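Trainee: This structure is in C-alpha cells; I'll ask about it shortly.
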Amino acid sequence: MELPYEEEIRKLSHPEAPKIVTKEIPGPKAKEVLNKVYELETVTLLAPYVIPFVWYEAKGSTIMDPDGNIFIDMTAGIAVNAVGHSHPEVVEVIKAQAEKLMHTVDMPSPKRVELMEKLSKIAPGEMKGNVRVAFAMSGSDAAEMCLKFARWFTGRAEIIAFHGGYHGITTGTLALTTNPAYKKGLPPLVPGIHFAPYAYCYRCAFGQKGYPDCDLQCARYVEDLITKPGVGLTDKPAAVIMEPVQGEGGYIPPPGEFVKWVWKVCKENDVVFIDDEVQSGFCRTGKWFAIEHWGLTPDLLNLGKALGGDFPVAAVVGLKRLMDNLPKASQPVTFAGNALGCAVASKNIELMKRYRLDERAAKLGDYFMKMLKELEAESKIIGEVRGLGLMIGIEMVKDKKTKEPMDLDKMVWLVHRMRDKGVLAMICGRWGQVFRFMPPLVITKEMLDKVYEVFRDSVKELERQL
Ligand SMILES: Cc1ncc(COP(=O)(O)O)c(C=O)c1O
11 MELPYEEEIR KLSHPEAPKI VTKEIPGPKA KEVLNKVYEL ETVTLLAPYV IPFVWYEAKG
71 STIMDPDGNI FIDMTAGIAV NAVGHSHPEV VEVIKAQAEK LMHTVDMPSP KRVELMEKLS
131 KIAPGEMKGN VRVAFAMSGS DAAEMCLKFA RWFTGRAEII AFHGGYHGIT TGTLALTTNP
191 AYKKGLPPLV PGIHFAPYAY CYRCAFGQKG YPDCDLQCAR YVEDLITKPG VGLTDKPAAV
251 IMEPVQGEGG YIPPPGEFVK WVWKVCKEND VVFIDDEVQS GFCRTGKWFA IEHWGLTPDL
311 LNLGKALGGD FPVAAVVGLK RLMDNLPKAS QPVTFAGNAL GCAVASKNIE LMKRYRLDER
371 AAKLGDYFMK MLKELEAESK IIGEVRGLGL MIGIEMVKDK KTKEPMDLDK MVWLVHRMRD
431 KGVLAMICGR WGQVFRFMPP LVITKEMLDK VYEVFRDSVK ELERQL
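Residues in the sequence shown are numbered consecutively from 11, following our numbering.
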C-alpha cells in the first residue's frame, strides 16, 4: 500500500506500542491519579467509571499512561487527533504563537484570517471560496450557533433532528440529542424539536429488510415532516440538522440517497441544511468532509474536534447568502478565534493536506474494514462491520438472527480486555452495542494489524464465555 510521507508519519508514534509493563491496568501510579479524580471530580466525567484509564503522554497514534504502559490509540480522543497527538510541528507552532499573541477577545488577528482562508478553500462543494466563518470553542456551542443562524435566516423556529443523533451537551443541542443518558430528568429543554428515524439500515425503524428495497421510507418520513400538514410542526422547520455519518448513535454511514433526498427537500422548501461534521469532518471518512461522498453543499457546516486537534477550536462555516443576513455584532464569544487556537488549526489543515490524510484514511480504512468483514463472517457476535474511511463501527449482537444488542457489561468487558492488551478503544450506539474505531489518521498499517489481532482475540474470548 503506497502512502505518502510514510517514513515521517511512522516516526510520530511510539515505536514499541502496544507495550504493557504493569501486572494490571490501571497500575499503581494511574491508580493514585484515579483516586484523586474519584475524590475531586464530578461523576458525570466520561472515562474513569466506564474505562479506568489515565493519560500521561501521547505521541502520534500512541498513548503512555503514568506507569509506562503504551497503548495504540483507536479513539483519537473521540475523532479529534487526526494529525496525531502532539505533532512536533504543532508543538512548534504553539511555542512560537504563545510567545507572540494568544487571546484576542473575538477580534481579528492575522492567524484568524489565515485559518478562515484555509477553511474557505477546503469547504465542500459550492461553499468553496464562498463562506463566512463564526468561531466557537466546542462542537456544542458551534451547533448552538447553527440553530441560531438558521432561525435568524428563516424567521422560523422548529428543527428536525434524527434518532441516534448527537450534537452536544448544552441545553439547545441536548434538545437535538436523543440519548436519554445525557438528558434524563432535564427537560423541558428547547421546544420545537422534531425527530425522524435516521437511515440505520441494520435496525430499520420501518422494519424494512434493507436498502434499496426499502424505498427509503426514512427519507420519505422527513419529507412528510417538512411538506405535509398535521405532522406536529406548526410551520416549515427552520432547519434539518444531520450527521452525514452518524457518530455517537452507532457509526452509521447512511445510503447516500437518503442524505441526497433530505437535502433536496430542504432546498425545495427553503429549509436550512445543517451538516454536523464535528466527528466526521477533516479527512476522517476518506474525504475532507463526509458530505462530499454525495457531492452536496450544505448551508451550514458545523466543525470542531479535529479542526483544533490538541487545542479546542470549533467553527460554523456557512454560505455567504445565509450568514450575511445576521445582525451585526450580535454573537460575541470571549475566547472564540483565539490566535493560538487559529494557529494550531491552520497548522493542522496544512498537515492534513501535506500527508493527504483523506487518501490515507480511505486506504487504511478499506484495508482494516476488509479484515474486520472477514471476522464478521466467521463470528457469532459481530452483527455488522460498517464505515467510511477510518470511521468504523462494529455492531455487536447476542444473536445474529435476532440482532439483539450485546449487553452493555459485555461491551465494557471487551473495552477493558483490549485496554489490558494495549489498545484503547471506545463504544457508542443506542445500547452501547457498537465498537467504534476512530484512530488518529496517522496510524500505520502495522499498528492496525496489531489492533486487529487484539480485537479478534478479545472477541473470540467473549464468544467462548457466552
Ligand atoms: C456530531 C457531533 N456534534 C457535536 C458534538 C459536540 O462537540 P463537543 O463535545 O466539542 O461539544 C459532537 C461530540 O461528540 C459530535 O459528535
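C-beta: ideal position from N, C-alpha, C; glycine also. Here the structure is a predicted model, which means the values were calculated and not measured.
Got a sec: does ligand 1 put a non-hydrogen atom nearer than 7 angstroms to the Cβ of S468?
Mentor: Residue 468 sits at position 458 when you count from the first residue of the sequence shown. It does not: the Cβ of S468 is nowhere closer than 7 angstroms to a heavy atom of ligand 1.
Trainee: Could you please give the first and the last residue of the uninterrupted alpha helix (DSSP H) stretch that includes A57?
Mentor: In the sequence shown, the residue the question calls residue 57 occupies position 47. Run containing A57: A57 to V60, per the alpha helix (DSSP H) assignment.
Trainee: Please give the ranges of any beta strand (DSSP E) in the stretch 29-108, keeping only runs that are unbroken, at least 3 residues long and fully inside the region.
Mentor: If one requires a minimum length of 3 residues, the beta strand (DSSP E) runs lying completely within the stretch 29-108 are 67-69, 72-74 and 80-83, in chain order.
Trainee: Ends of the beta strand (DSSP E) at N312?
Mentor: Walking along the sequence shown from the start, residue 312 turns up at place 302. L310 to L313 is the extent of the beta strand (DSSP E) around N312.
Trainee: Does the stretch 119-137 come close enough to the stretch 306-322 to have 3 or more Cβ pairs within less than 8 angstroms?
Mentor: Yes, they touch.
Trainee: Kindly list the residues whose CB is nearer than 6 angstroms to the CB of S150, restricted to its own chain and excluding five residues on each side of it in sequence; keep chain order.
Mentor: Position 140 of the sequence shown holds residue 150. If we look at S150 and ignore the five residues flanking it on each side, its Cβ neighbours are G178, I179, T180 and T183.
Trainee: One question on the structure: do G347 and T114 come within less than 8 angstroms of each other, judged by their Cβ atoms?
Mentor: Taking the sequence shown and counting its residues from 1, one reaches residue 347 at position 337. Taking the sequence shown and counting its residues from 1, one reaches residue 114 at position 104. Yes. Within cutoff.
Trainee: Straight-line CA distance for G328 to F299?
Mentor: Here residue 328 corresponds to residue number 318 of the sequence shown, with the count starting at 1. Here residue 299 corresponds to residue number 289 of the sequence shown, with the count starting at 1. Taking the straight line joining both Cα atoms gives about 14 angstroms.
Trainee: So I19 and V452 are supposed to be a Cβ contact under 8 angstroms. How far apart are they, rounded?
Mentor: One-based indexing of the sequence shown puts residue 19 at position 9. One-based indexing of the sequence shown puts residue 452 at position 442. Rounded to the nearest angstrom, the Cβ distance from I19 to V452 is 5 angstroms, consistent with a contact under 8 angstroms.
Trainee: Please report how far the alpha carbon of V323 lies from the alpha carbon of L476, in whole angstroms.
Mentor: Here the question's residue 323 lines up with position 313 in the sequence shown. Here the question's residue 476 lines up with position 466 in the sequence shown. Going from the Cα of V323 to the Cα of L476 covers about 44 angstroms.
Trainee: Go to F299, then tell me how far its alpha helix (DSSP H) extends in each direction, as first and last residue.
Mentor: Working through the sequence shown from its first residue, we reach residue 299 at position 289. Careful: F299 lies outside any alpha helix (DSSP H) and carries neither H nor E.
Trainee: Using only CA atoms, which one of K413, D245 and M406 lies nearest to L382?
Mentor: Numbered from 1 along the sequence shown, position 372 holds the residue referred to as residue 382. Nearest option by C-alpha distance: M406.
Trainee: Tell me where the beta strand (DSSP E) around A478 begins and ends.
Mentor: In the structure as shown, the chain starts at 11 and stops at 476, and residue 478 therefore has no counterpart that could be examined.
Trainee: Is it a yes or a no for the stretch 365-380 touching the stretch 13-27, going by three-plus beta-carbon pairs under 8 angstroms?
Mentor: Between the stretch 365-380 and the stretch 13-27 there are three or more C-beta pairs closer than 8 angstroms, enough to call the two in contact.
Trainee: Roughly how many angstroms separate the alpha carbons of G37 and P76, rounded to a whole number?
Mentor: The count along the sequence shown starts at 1 and reaches residue 37 at position 27. The count along the sequence shown starts at 1 and reaches residue 76 at position 66. Computed Cα separation, rounded: 8 angstroms.
Trainee: Do you know offhand how far N140's Cα is from C293's?
Mentor: Counting from 1 along the sequence shown, the entry for residue 140 is found at position 130. Counting from 1 along the sequence shown, the entry for residue 293 is found at position 283. Taking the straight line from one Cα to the other gives about 21 angstroms.
Trainee: At a cut of 8 angstroms, does the stretch 44-56 reach the stretch 91-111 through at least three beta carbon pairs?
Mentor: no
Trainee: Are I132 and R429 closer than 8 angstroms when you measure CB to CB?
Mentor: Walking along the sequence shown from the start, residue 132 turns up at place 122. Walking along the sequence shown from the start, residue 429 turns up at place 419. No. Outside cutoff.
Trainee: Are K110 and S356 close, meaning C-beta to C-beta below 8 angstroms?
Mentor: Working through the sequence shown from its first residue, we reach residue 110 at position 100. Working through the sequence shown from its first residue, we reach residue 356 at position 346. No.
Trainee: Using beta-carbon positions only, say whether A206 and I170 come within less than 8 angstroms of one another.
Mentor: Position 196 of the sequence shown holds residue 206. Position 160 of the sequence shown holds residue 170. A distance below 8 angstroms separates the beta carbons of A206 and I170.
Trainee: Let me check understanding here. Comparing Cα to Cα, which of M147, K431 and G175 lies closest to D83?
Mentor: Residue 83 sits at position 73 when you count from the first residue of the sequence shown. The candidate whose alpha carbon is nearest that of D83 is K431.
Trainee: Quick check on DSSP: helix, strand or coil for E18?
Mentor: One-based indexing of the sequence shown puts residue 18 at position 8. Helix at E18.
Trainee: CA-CA distance, E99 and C276?
Mentor: One-based indexing of the sequence shown puts residue 99 at position 89. One-based indexing of the sequence shown puts residue 276 at position 266. The straight-line gap from Cα to Cα measures roughly 41 angstroms.
Trainee: Give the straight-line distance between the Cα atoms of K553 and E12, rounded to the nearest whole angstrom.
Mentor: There is no way to answer for residue 553, as the model of the chain reaches only from 11 to 476.
Trainee: Is the beta carbon of G314 sitting closer than 8 angstroms to the one on A152?
Mentor: Residue mapping note: residue 314 aligns to position 304 of the sequence shown, counting from 1. Residue mapping note: residue 152 aligns to position 142 of the sequence shown, counting from 1. Their beta carbons are under 8 angstroms apart, which means G314 touches A152 by this criterion.
Trainee: Roughly how many angstroms lie between the CA atoms of P415 and G175, to the nearest whole one?
Mentor: On the sequence shown, residue 415 is found 405 positions in, with the first residue counted as 1. On the sequence shown, residue 175 is found 165 positions in, with the first residue counted as 1. Their backbone Cα atoms lie some 18 angstroms apart in a straight line.
Trainee: Would you give the residue range spanned by the alpha helix (DSSP H) that D285 belongs to?
Mentor: Position 275 of the sequence shown holds residue 285. Here D285 belongs to no alpha helix (DSSP H); instead the beta strand (DSSP E) covers V282 to D286.
Trainee: I need the DSSP call for Q256, collapsed to helix, strand or coil.
Mentor: Locating residue 256 in the sequence shown gives position 246, where the first residue counts as 1. Three-state result, Q256: strand.
Trainee: Let me check one thing: in DSSP terms, what residues is E405 bridge-paired to?
Mentor: Within the sequence shown, numbered from 1, the residue matching residue 405 stands at position 395. According to DSSP, E405 bridges with E394 and V444.
Trainee: In or out: G259 buried (at least 16 other Cβ within 10 Å) or exposed?
Mentor: The count along the sequence shown starts at 1 and reaches residue 259 at position 249. So G259 counts as buried.
Trainee: Where does the unbroken beta strand (DSSP E) through I169 begin, and where does it stop?
Mentor: Position 159 of the sequence shown, counted from the first residue, corresponds to residue 169. Counting along the chain, the beta strand (DSSP E) containing I169 begins and ends at I169 to F172.
Trainee: Just to check, is the beta-carbon of N312 closer than 7 angstroms to a non-hydrogen atom of ligand 1?
Mentor: Residue numbering aside, residue 312 sits at position 302 when the sequence shown is read from its first letter. Yes, the Cβ of N312 comes within 7 angstroms of a heavy atom of ligand 1.
Trainee: Anyone know if the C-beta pair for V461 and V425 falls short of 8 angstroms?
Mentor: Mapped onto the sequence shown, residue 461 falls at position 451. Mapped onto the sequence shown, residue 425 falls at position 415. Note that the C-beta distance between V461 and V425 is not below 8 angstroms.
Trainee: According to the Cβ coordinates, are L125 and C352 closer than 8 angstroms?
Mentor: Numbered from its first residue, the sequence shown carries residue 125 at position 115. Numbered from its first residue, the sequence shown carries residue 352 at position 342. Yes. Within cutoff.
Trainee: Compute the beta-carbon to beta-carbon distance between Q341 and M155, rounded to the nearest angstrom, for a pair I have assumed lies under 8 angstroms.
Mentor: Residue mapping note: residue 341 aligns to position 331 of the sequence shown, counting from 1. Residue mapping note: residue 155 aligns to position 145 of the sequence shown, counting from 1. A Cβ-Cβ separation of about 7 angstroms places Q341 in contact with M155 under the 8 angstroms criterion.
Trainee: Would DSSP call C224 helix, strand or coil?
Mentor: Here residue 224 refers to the residue found at position 214 when the sequence shown is read from its first residue. Of the three classes helix, strand and coil, the one that applies to C224 here is coil, per DSSP.
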